[in-house]
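Same order as they appear, the protein sequences are chains S and E. Residue numbers for the first sequence follow the numbering used here, beginning at 51 and rising by one. Residue numbers for the second sequence follow the numbering used here, beginning at 51 and rising by one. Encoded as structure tokens, the structure appears first; notes follow it.
There are 2 protein chains.
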Amino acid sequence: MKIEIKGVNGLDNKEKLIISEIKSLINLKNMEPGEKLPSERLLADRLGVSRGSIRNAIQKLEFYGLLKSMPQSGTFIADLGLTAINGMIDQIINLPTPDFKSLVETRIFLELKLVKFAAARRTEEDLSEIEEVLEKYKFKVLAGEDAVAEDLLFHLSIAKASHNPSLNRLMLSITPQIITDFEKYHVCKSNTALNAIDEHQAIVDAIRSKDPCRAEEKMKEHFSVLYQYCYETN
Amino acid sequence: MKIEIKGVNGLDNKEKLIISEIKSLINLKNMEPGEKLPSERLLADRLGVSRGSIRNAIQKLEFYGLLKSMPQSGTFIADLGLTAINGMIDQIINLPTPDFKSLVETRIFLELKLVKFAAARRTEEDLSEIEEVLEKYKFKVLAGEDAVAEDLLFHLSIAKASHNPSLNRLMLSITPQIITDFEKYHVCKSNTALNAIDEHQAIVDAIRSKDPCRAEEKMKEHFSVLYQYCYETN
DNA sequence: ATACTTAAATTGGTTAACCAAAATTATATT
DNA sequence: AATATAATTTTGGTTAACCAATTTAAGTAT
Numbered sequence: 051m052k053i054e055i056k057g058v059n060g061l062d063n064k065e066k067l068i069i070s071e072i073k074s075l076i077n078l079k080n081m082e083p084g085e086k087l088p089s090e091r092l093l094a095d096r097l098g099v100s101r102g103s104i105r106n107a108i109q110k111l112e113f114y115g116l117l118k119s120m121p122q123s124g125t126f127i128a129d130l131g132l133t134a135i136n137g138m139i140d141q142i143i144n145l146p147t148p149d150f151k152s153l154v155e156t157r158i159f160l161e162l163k164l165v166k167f168a169a170a171r172r173t174e175e176d177l178s179e180i181e182e183v184l185e186k187y188k189f190k191v192l193a194g195e196d197a198v199a200e201d202l203l204f205h206l207s208i209a210k211a212s213h214n215p216s217l218n219r220l221m222l223s224i225t226p227q228i229i230t231d232f233e234k235y236h237v238c239k240s241n242t243a244l245n246a247i248d249e250h251q252a253i254v255d256a257i258r259s260k261d262p263c264r265a266e267e268k269m270k271e272h273f274s275v276l277y278q279y280c281y282e283t284n
Numbered sequence: 051m052k053i054e055i056k057g058v059n060g061l062d063n064k065e066k067l068i069i070s071e072i073k074s075l076i077n078l079k080n081m082e083p084g085e086k087l088p089s090e091r092l093l094a095d096r097l098g099v100s101r102g103s104i105r106n107a108i109q110k111l112e113f114y115g116l117l118k119s120m121p122q123s124g125t126f127i128a129d130l131g132l133t134a135i136n137g138m139i140d141q142i143i144n145l146p147t148p149d150f151k152s153l154v155e156t157r158i159f160l161e162l163k164l165v166k167f168a169a170a171r172r173t174e175e176d177l178s179e180i181e182e183v184l185e186k187y188k189f190k191v192l193a194g195e196d197a198v199a200e201d202l203l204f205h206l207s208i209a210k211a212s213h214n215p216s217l218n219r220l221m222l223s224i225t226p227q228i229i230t231d232f233e234k235y236h237v238c239k240s241n242t243a244l245n246a247i248d249e250h251q252a253i254v255d256a257i258r259s260k261d262p263c264r265a266e267e268k269m270k271e272h273f274s275v276l277y278q279y280c281y282e283t284n
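The following block contains the structure:
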């Protein structure tokens with residue numbers, strides 16, 4: 051039995067409630083940001099839920115950098131000031147689940163930058179890794195087999211070579227959703243197309259030459275079909 | 051007692067180990083992606099750790115869209131193919147902790163796009179929300195008070211108006227780290243500067259006029275000092 | 001044989017008890 | 001009185017038992 055993974059991000063109602071309650075408590079106690087949050091036990095008791103639920107909610111807020119748990123010490127609030135904390139939590143709670151178009155838009159935007167950085171900053175090791183992945187991709191395509199995974203790894207290897215962990219992280223987090231949506235909407239049947247090989251090769255050549263502009267240009271060409279799909283419905 | 055929140059992202063060694071073991075198990079059993087992961091109990095037993103630790107690791111991978119837990123049913127692997135799963139997990143485990151420069155670079159890159167989208171897509175409601183936040187910012191600055199929080203909320207309100215949840219999410223996740231690093235490195239003392247008011251106002255004007263190019267231009271001006279800081283050390 | 005019903009087993013989620021490290025308080029020593 | 005030391009409390013992390021929904025298997029009537 052297969053199942054669809056969707057709504058990767060986003061919080062369920064219980065998480066939203068607990069996070070909201072935590073926010074209220076921070077305000078109520080007029081806590082100094084940078085100080086400790088009440089202990090998990092106290093929070094659990096105060097909100098009438100288990101510690102596990104509290105820990106789960108804390109982990110979500112840790113992802114956004116608002117909290118940080120220290121073993122045997124406590125959970126600390128980011129030193130942002132109450133106003134900022136409130137504003138951020140409100141936005142986090144109300145953040146809509148990204149739709150397909152947002153994801154595609156983000157991916158194109160991201161990858162055009164990532165490939166520029168990669169061309170500018172790639173090491174010899176990065177380059178050989180990219181080329182290695184490309185070879186595997188070629189092999190699969192020429193064998194007439196499905197090469198979605200190899201295509202994905204090619205793009206991820208470029209993201210890695212960008213040497214910007216922050217952007218790389220975003221790339222990693224939106225990639226699976228895009229891939230699965232792709233297959234759902236049947237947007238891209240060209241993963242096995244032969245011309246994609248040339249496009250990939252052109253990108254690698256630009257990266258090898260350390261030519262950011264050309265790299266971006268070639269990536270844009272590679273995304274042309276996707277680009278149209280994304281903006282024709284505007 | 052205050053503490054510094056750092057290394058927001060990134061996994062600790064135990065998490066890395068468990069995730070790595072899960073990867074091995076998926077490969078060992080040659081599991082079909084899209085299918086169920088072994089149950090938490092079985093994983094905990096197999097890896098010699100508690101279910102809680104397994105659940106923690108699963109939640110991390112859920113963030114990257116590789117897994118999805120369904121109540122009373124099981125944890126499902128994203129339908130990406132084994133090769134892709136392996137590649138992604140390897141990259142996730144080895145993802146470096148973003149340094150300050152990466153974050154600043156990402157923020158500038160992000161916000162230049164977010165403000166363009168905001169100018170193109172903002173609703174009347176978005177606009178009045180942005181203007182409201184700006185007024186609060188002005189008030190604080192003119193009163194000679196610290197306005198870091200209000201500055202932050204201004205930028206977040208623009209991010210929201212971009213109507214791209216995916217980019218907005220990234221913006222939210224890097225913001226606290228940047229703010230705290232700012233104060234640490236003393237990069238920007240100009241948060242209370244009067245000229246920042248004019249810069250913010252110019253950005254809002256462009257958004258009101260639905261002029262994406264001008265919005266981006268004004269945002270670039272607003273970031274000029276930061277921009278220099280980010281790239282002068284190149 | 002097939003379709004339907006029912007009972008047992010499995011699952012992720014929840015709760016409560018336990019652990020070791022850290023922080024705090026109390027005590028002793030100079 | 002100030003400082004160092006030891007006992008106690010508090011903390012996040014871990015483990016184990018429990019719950020309800022789901023899934024699977026067995027049973028039964030058609």
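All C-beta atoms, glycine included, are put in the ideal place defined by N, C-alpha and C. Predicted model only: the values in this text are computed from it and were never measured.
The beta carbon of E/Asn214 sits closer than 8 Å to some beta carbon of chain S. It is roughly 16 Å from the alpha-carbon of E/Ser100 to the alpha-carbon of S/Arg105.
By a beta-carbon distance limit of 8 Å, S/Gly131 does not contact E/Ala134. Their separation comes to about 42 Å. For S/Gly124, the secondary structure class from DSSP, reduced to helix, strand or coil, is strand. Taking 8 Å as the cut-off, the Cβ atoms of S/Thr230 and E/Asp129 count as close. Not a single C-beta of chain S is nearer than 8 Å to the C-beta of E/Asn80.
From the beta-carbon of E/Met138, the residues of chain S found nearer than 9 Å are Leu202, Leu203, Leu206, Leu222, Thr225 and Pro226. Taking each of E/Asn245, E/Asp62 and E/Ala243 in turn and checking the Cα distance to E/Ile143, the smallest one comes out for E/Asp62.
Listed by position along chain S, the residues whose Cβ is nearer than 7 Å to that of E/Phe113 are Phe113 and Ser223. DSSP places S/Lys260 outside both helix and strand once states are collapsed to three, so it counts as coil. Counting the other Cβ atoms within 10 Å of the Cβ of S/Val183 gives 16 or more, which makes it buried.
If you draw a straight line from the Cα of S/Leu220 to the Cα of S/Pro226, it is about 11 Å long. For E/Ser152, the nearest CB of chain S lies under 8 Å from its own CB, placing it at the interface with that chain. Membership of S/Ala243 in any alpha helix (DSSP H) is not indicated, and neither H nor E is assigned to it by DSSP. Each residue's CA atom was taken as its position, placing S/Gly124 and S/Lys73 some 17 Å apart.
Contact of E/Ala199 with chain S by beta-carbon distance below 7 Å involves Leu130, Gly131, Thr133 and Ala134.
Here S/Pro83 is near S/Ile127, since their CB atoms are less than 8 Å apart.
When only Cα atoms are considered, E/Glu161 and E/His205 end up about 8 Å apart.
Listed in chain order, the positions of the region 178 to 196 of chain S with a beta carbon within less than 9 Å of a beta carbon of chain E are Val183, Lys186 and Asp196.
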